[in-house]
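Listed in order, the protein sequences are those of chains A and B. According to our numbering, the stretch in the first sequence is residues 1350 to 1774, in order. According to our numbering, the stretch in the second sequence is residues 1360 to 1621, in order. For every residue, glycine included, the Cβ atom is placed at its ideal position computed from N, Cα and C. All figures in this text were calculated on a predicted structure; none of them were measured in a lab. What follows is a set of notes on a single structure, which appears directly below.
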Amino acid sequence: MTGQTNARVRRAHHTLMLVLTLIAGPALSADIETHGFLLLNYAGRTTDNRPPQGDSDFLLGEERLRLDVSAWAQEIEASARFKGDLFNDAVDGEADLDVREAYVDYTTGDFDVRLGRQIATWGVGDLLFINDVFPKDWVSFFSGRPLEYLKIGVDGARVRLSGEVVNADFMLIPFFTPDTLPTLTRFFLYDPLASVTNRSEIKPVSTYDNSELVLRLYRRAGEFDVAAYLYKGFWRSPGMRPDDLTVPTQIELLYPELRVYGASAQGNALGGVLSLEVGYYDSRDDRVGNDPTIANAQSRFLIGHQRQLKQDLTLGVQYYTEIMQDYAQYKQSLPAGFATQRRSRDTITLRLEQLLMHQTLRLSLFTFYSPADDDYLLQPKVSYQFSDELSATVGANLFGGKKETTFLGQFDKNDNLYLATRFDF
Amino acid sequence: MKHLFLNVILLLFSGSAFAQTMSAEQIIEQSQRAFYYAAADMRAKVTMQLIDRDGGVRKRVMTLLRRDTTDGGEQKYFIFFHEPGDVRRMTFMVWKDPVKEDQRWIFIPAVDLVRRIAADDKRSSFVGSDFTYEDVSGRDVADDSHTQLREEALDGRESYVIQSIPKQIVEYSKRISWIDKQTLLPLKETYYDAQDELYRIFTADKIKEVDGWPTVTQRTMKNLKSGHRTEVVFDAIAYDADLADEDFSERRMRRPPRAWIE
């Protein structure tokens, strides 16, 4: 046998092995499924203004390729999943990978385990969060990305125990993820220390002690789903600590310690679904409330009701309030020139959803209005499903308020109109 | 003497003799049992084709699980969506109660959220199809007044023809059902609007015996006004699959066992 034929046989052999591996390999070891979508997402400011540190009329200009790959084990109840977006941000001129979720699931007996980056959502509020202490991307929410982008995955482990008396979800999150908040490069916003640009962010270091712990205990009680919640971790939006309160030259952004204790209930009542939720935000680093750089402790309450007014028309109404503890100390220690928050901040939300044309056309309106702050956010939206693959959404974020220092009022000049086109595969 | 009398009565009420003496209401009730309550539980892969006037097709593929808490009474439903892409992995659970309001939950996988949804309008469209929630899981027999119009053969099958008038105003004013005498399954239903005009037709297109249970494996609901129709095929049907009450839980909504959703 010559060397040449030998090589050819080897090559053929290798090719055959490769083909066999490709065909039989995945089928023997696991089932694999690949899906995803292409999302084109653009948002432009409608107020004819550009923010102080930005020069674009666009809040958003991006193309995203979602890859969603799952694999299942054959013999045991286990699976793996990767969900990530390759994106091109045309506003900043950068392309990158956004790992949305990447985890392994394993189920045995009464236990479900999930390890890795994962999105978690708890609580009964509709876009109002008390016991959902997980990180949120408010930039996405305010600039017209699809709603799923409001949630950011956390890196950790979750164990669920399904018991006869009670079910428990326990999470351990060693790596801290803050909320994504609007910045002066794309948004107009209230910043009492805007002139101080020398800033450093100090995230909690990933020590064992700093690991976040989250617990949810839940069960049914009569006609209601009831739950109790515990959280040990950190505020996800930072406090600002200037080096000098009167003549600041630099600012540290800190995430103070936080514990949250809460409960919720949801069930059929009054011809619809009634939701109740409460929580106490224990601000551990400032328990007396006299440190102006750290948010004071708060109590939060929510009551909501959702019902169908008629066929394919849903109405949801919520009343929410947060009450600051140690208000006297807060007012006393607040530096001059800072806007004073009210002791209690309440919000009323309204959701109207109408489905038309065999649910291919969806008209939706979500509004936030705070009677205490006299500010609002209106989010009208129209979505149309051209086919099972192709859909488009046009919507707006309209902010306003009496003052430019309140939570929603500060975004007054950020009114925007957006388009999101999605092709599923 | 007493015994003979009892025997005569028993004979009268047994077998075919009983069937012939059923009232219209009893026929509808028995038909609902045959259609919605076969066996103690069921699993099936359901493909819905939503076809518009111009022939445009949208597809919904789902796994449907059903367990009867009591035969003819409370039921639990679980639905897992395979397609289309924007609802993939979404799950939907209904605890149906013929007396009280149903309880419904939805799991939205993109944000890992389980929440209750309002369930007071049973006449709403199910996932945009021509079927309503009541068409999918049954309408309370007591919600209509039933009268038997006649008996006739429909496509060669002997059937009862029953008229049902809703007691409270819904979008139809009259329903006529052809109920197969042999299987008690509905073969056809016609719906009339407030002007007494025929506008909606249900047909059982294929009936097969599965594990000994006569089952409608293909059905169509056609809206004559809009020209829109929905064709439904049930595949991979398994009865008495040993589903437990605990299987209809938030746990399973968030993470359905692989065997359910293949």
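What does the alpha-carbon distance come out to for the pair L1546 of chain B and T1422 of chain B?
24 Å
I want to see whether chain B comes within less than 9 Å of Y1313 of chain A, judged by CB atoms only; does it?
In the structure displayed, chain A extends from 1350 to 1774; residue 1313 of chain A sits before or after that span and is not available.
Please classify K1762 of chain A: does DSSP put it in a helix, a strand, or coil?
helix
Can you list the residues of chain A that I1410 of chain B reaches, using a CB-CB cut of under 9 Å?
What I1410 of chain B touches in chain A: nothing, since even the nearest Cβ is about 10 Å away.
For I1468 of chain A, decide whether its Cβ has a neighbour in chain B, counting only Cβ atoms nearer than 9 Å.
yes
Taking any Cβ of chain B, which residues in the region 1479 to 1494 of chain A have a Cβ under 7 Å from it, in chain order?
none
Which listed residue (A:R1569, A:K1552 and A:P1541) has its alpha carbon closest to that of G1686 of chain A
A:P1541
Cβ closer than 8 Å: which chain B residues qualify as neighbours of S1326 of chain A?
Missing from the structure shown is residue 1326 of chain A; chain A here goes from 1350 to 1774 and no further.
Straight-line Cα distance separating Q1678 of chain A from N1639 of chain A:
5 Å
Quick one: give me the first and last residue of the alpha helix (DSSP H) that A1393 of chain B is part of.
A1383 to Y1395
Local conformation of W1584 of chain A per DSSP, three classes:
coil
Which residues in the same chain have their Cβ closer than 8 Å to the Cβ of V1500 of chain B, if we skip the five residues on either side of it in sequence?
E1384, I1387, E1388 and Q1391
Alpha carbon of D1406 of chain A to alpha carbon of T1396 of chain A, nearest angstrom
9 Å
Could you compute how far the alpha carbon of A1444 of chain A sits from the alpha carbon of F1715 of chain A?
32 Å
Report the partner residues of T1770 of chain A according to the DSSP bridge assignment.
A:L1389 and A:A1741
Which chain A residues are close to D1606 of chain B, counting only those with a beta carbon under 7 Å from its beta carbon?
Those do not exist, as D1606 of chain B stays about 11 Å from chain A at its closest Cβ, beyond 7 Å.
Measuring straight from C-alpha to C-alpha, what distance separates P1525 of chain B and T1506 of chain B?
12 Å
Contacts of W1421 of chain A in chain B (Cβ-Cβ under 8 Å)
R1617
Straight-line gap, N1559 of chain A to G1493 of chain A (C-alpha atoms, nearest Å):
34 Å
Express the C-alpha separation of N1645 of chain A and A1469 of chain B in angstroms, rounding to a whole number.
33 Å
What number of angstroms, rounded off, separates the C-alpha of R1482 of chain B from the C-alpha of K1659 of chain A?
9 Å
Give me the Cα-Cα distance between N1398 of chain A and P1523 of chain A, rounded to the nearest whole angstrom.
41 Å
Please work out which residues of its chain come closer than 6 Å, Cβ to Cβ, to R1691 of chain A, disregarding the five sequence neighbours upstream and downstream, and give them in chain order.
A1721
If we ignore side chains and look at the alpha-carbon of each, how far apart do I1476 of chain B and R1633 of chain A end up?
37 Å
Going by the CB atoms, is the gap between Y1629 of chain A and Q1294 of chain A shorter than 9 Å?
Because chain A here runs from 1350 to 1774, residue 1294 of chain A falls outside it and cannot be looked at.
Output the boundary residues of the beta strand (DSSP E) element that contains D1400 of chain B.
D1400 to I1410
Does the Cβ-Cβ distance between Q1734 of chain A and D1456 of chain B come in under 9 Å?
no
If I measure Cβ to Cβ from Q1316 of chain A and keep anything under 6 Å in the same chain, skipping five residues before and after, which residues do I get?
Since the displayed chain A opens at 1350 and closes at 1774, residue 1316 of chain A lies outside it and no answer follows.
Check the Cβ-Cβ distances between R1585 of chain A and every residue of chain B, and say whether any is below 9 Å.
no
W1471 of chain A: first and last residue of the uninterrupted alpha helix (DSSP H) it sits in
First-last for W1471 of chain A: undefined, no H or E at that position.
What is the C-beta distance between R1415 of chain A and D1434 of chain A, in whole angstroms, given that I count them as a contact (C-beta under 8 Å)?
5 Å
Assuming T1709 of chain A contacts A1741 of chain A (C-beta within less than 8 Å), just tell me the rounded distance between them.
Contact doesn't hold; Cβ gap of about 11 Å is too wide.
Cβ distance (whole Å) where E1626 of chain A is taken to contact N1516 of chain A below 8 Å
With 8 Å as the limit, E1626 of chain A and N1516 of chain A do not qualify as a contact, their Cβ atoms being about 18 Å apart.
For Q1708 of chain A, does the three-state DSSP call read helix, strand or coil?
coil
Are there 16 or more other CB atoms within 10 angstroms of the CB of I1468 of chain A, so buried, or fewer, so exposed?
buried
Give me the chain A residues within the contact set of E1460 of chain B, using Cβ-Cβ distance strictly less than 7 Å, ordered along the chain.
N1617
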